[in-house]
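The next block holds one structure in the form of structure tokens; read it before the comments.
In our numbering, the protein residues as written are 2 to 374.
This is the structure in structure tokens:
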């Protein structure tokens with residue numbers, strides 16, 4: 002079924018250098034990111050056309066390294082420039098603004114005062130030492146409070162914006178906190194969607210923004226405010242090395258034949274059993290590879306306070322006996338560590354019984370048997 006697109010709309014695309022075919026390809030990629038079939042492409046195309054104006058986007062940068070911006074602008078599925086040309090009106094983003102100084106801030110506050118915008122936040126809010134994060138004479142607290150009250154919704158991207166980032170590591174002298182925590186402390190009820198990661202995966206940003214703009218709905222969230230369709234299962238659930246875990250075949254140290262054979266990386270620190278993310282599906286660097294695919298254990302950078310909870314990164318997880326590896330992120334909820342301690346179960350127990358594991362494996366995470374609870 003071909004979408005019915007008006008001549009005026011198509012002429013506008015052509016003025017931007019976007020052909021009808023290119024636009025429909027973009028819509029097909031958007032459908033794939035949203036988990037929709039290609040039958041939805043005409044509806045997406047028509048939804049874009051129906052937008053009387055491109056929805057404004059305000060992107061704030063606080064305490065961070067710009068890694069999430071770099072991740073986002075390098076996306077090619079679909080390309081960010083096409084999203085900006087065809088879907089969004091980027092009103093403010095410090096790293097890519099054409100304007101600078103007072104003129105850039107005029108654009109920011111003009112968009113904020115007009116309302117009806119989507120806010121993306123990269124970086125933590127400094128609450129302990131507010132002056133540690135200032136822009137144009139205003140602290141991150143002042144900017145976030147003013148913008149947060151006016152936004153239709155806030156998308157916190159990256160671990161800094163969702164949970165304070167590494168600058169929030171103990172003892173956290175600057176009082177770095179995530180956006181959701183800060184807005185809650187100010188009794189601001191604007192919806193917040195958390196997209197953690199260090200950095201965030203660009204496809205997760207794009208799919209979330211497109212869902213909100215095209216479908217007019219927020220995704221279903223888990224207890225940490227993460228979209229369940231993106232963060233609903235553990236890396237361990239979908240890891241290509243999972244079979245080696247089940248059979249008790251582990252890399253004990255790097256540089257060994259076990260590493261060359263692609264065995265499970267749990268015993269050299271992999272946090273996959275406690276990390277909820279879609280990394281195995283969407284990969285990184287334009288779907289080229291990902292950490293475990295490159296031979297590195299997952300460090301759990303999608304989980305709250307991973308920098309404190311999961312150090313040392315190359316040591317096995319403590320003696321957690323997990324049955325909840327196949328659970329959803331929401332079931333793990335606020336007490337993820339406790340839920341994890343209820344969970345990785347009988348596979349390692351069976352391996353130990355068969356003599357595959359040494360005595361040190363009393364600390365190994367275990368997983369429930371098929372069909373167990």
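The beta-carbon is built from N, C-alpha and C at its ideal position, and this holds for glycine as well. Only a predicted model underlies this, so the values are computations on that prediction, with no experimental measurement involved.
Give me whichever residues DSSP pairs with residue i in a beta bridge.
i: residue 38; result: For residue 38, which the question treats as bridged, DSSP gives no partner whatsoever.
i: residue 120; result: 59 and 155
i: residue 285; result: 290
i: residue 93; result: 59
i: residue 140; result: 135
i: residue 195; result: 157
i: residue 128; result: Residue 128 is not bridged to any residue.
i: residue 222; result: 228
i: residue 64; result: 125
i: residue 235; result: 277
i: residue 265; result: 251
i: residue 177; result: 127
Give the straight-line distance between the Cα atoms of residue i and residue j, rounded to the nearest whole angstrom.
i: residue 219; j: residue 212; result: 7 Å
i: residue 345; j: residue 274; result: Residue placement at residue 345 cannot be trusted, given a pLDDT of 48 that sits under 50; what the coordinates show is reported in the next sentence. Distance between the alpha carbons of residue 345 and residue 274: 7 Å.
i: residue 158; j: residue 319; result: 29 Å
i: residue 19; j: residue 111; result: 29 Å
i: residue 178; j: residue 147; result: 17 Å
i: residue 15; j: residue 21; result: 8 Å
i: residue 306; j: residue 9; result: 50 Å
i: residue 55; j: residue 114; result: 17 Å
i: residue 143; j: residue 126; result: 10 Å
i: residue 7; j: residue 117; result: 26 Å
i: residue 92; j: residue 154; result: 15 Å
i: residue 299; j: residue 293; result: 6 Å
i: residue 189; j: residue 33; result: 33 Å
i: residue 242; j: residue 38; result: 29 Å
i: residue 214; j: residue 183; result: 25 Å
i: residue 152; j: residue 296; result: 41 Å
i: residue 311; j: residue 245; result: 22 Å
i: residue 191; j: residue 145; result: 12 Å
i: residue 35; j: residue 23; result: 19 Å
i: residue 264; j: residue 285; result: 21 Å
i: residue 365; j: residue 133; result: Low local confidence applies: a pLDDT of 36 at residue 365 is under 50, so the model's placement there is unreliable, with the coordinate-based value given in what follows. If I take the Cα positions, the gap works out to 41 Å.
i: residue 107; j: residue 291; result: 40 Å
i: residue 45; j: residue 221; result: 20 Å
i: residue 172; j: residue 42; result: 49 Å
i: residue 121; j: residue 70; result: 11 Å
i: residue 51; j: residue 287; result: 30 Å
i: residue 327; j: residue 240; result: Because residue 327 sits at a pLDDT of 37, beneath the cut-off of 50, its placement in the model cannot be relied upon, and the following sentence gives the value as read from the coordinates. Their backbone Cα atoms lie some 12 Å apart in a straight line.
i: residue 135; j: residue 77; result: 32 Å
i: residue 167; j: residue 68; result: 13 Å
i: residue 109; j: residue 272; result: 40 Å
i: residue 40; j: residue 101; result: 43 Å
i: residue 97; j: residue 74; result: 10 Å
i: residue 66; j: residue 60; result: 14 Å
i: residue 105; j: residue 131; result: 22 Å
Would residue i be called buried (16 or more neighbouring beta carbons within 10 Å of its own) or exposed?
i: residue 380; result: Nothing in the structure corresponds to residue 380, since the chain is present only between 2 and 374.
i: residue 281; result: buried
i: residue 174; result: exposed
i: residue 13; result: exposed
i: residue 48; result: buried
i: residue 317; result: buried
i: residue 223; result: buried
i: residue 217; result: exposed
i: residue 30; result: buried
i: residue 289; result: exposed
i: residue 330; result: The predicted position of residue 330 is uncertain, since its pLDDT is 41 and thus under 50; no value can be drawn from it.
i: residue 252; result: buried
i: residue 195; result: buried
i: residue 163; result: buried
i: residue 156; result: buried
Tell me whether the beta-carbon of residue i lies closer than 9 Å to the beta-carbon of residue j.
i: residue 103; j: residue 62; result: no
i: residue 313; j: residue 170; result: no
i: residue 193; j: residue 226; result: yes
i: residue 210; j: residue 25; result: no
i: residue 129; j: residue 161; result: no
i: residue 27; j: residue 197; result: no
i: residue 141; j: residue 64; result: yes
i: residue 149; j: residue 180; result: yes
i: residue 200; j: residue 72; result: yes
i: residue 58; j: residue 139; result: no
i: residue 315; j: residue 270; result: yes
i: residue 276; j: residue 249; result: no
Decide if the stretch 277-293 is in contact with the stretch 247-260; the criterion is three or more beta carbon pairs, one per stretch, under 8 Å apart. no
Across the stretch 236-243 and the stretch 196-205, are there enough close Cβ pairs to call them in contact, namely three or more that are closer than 8 Å? no
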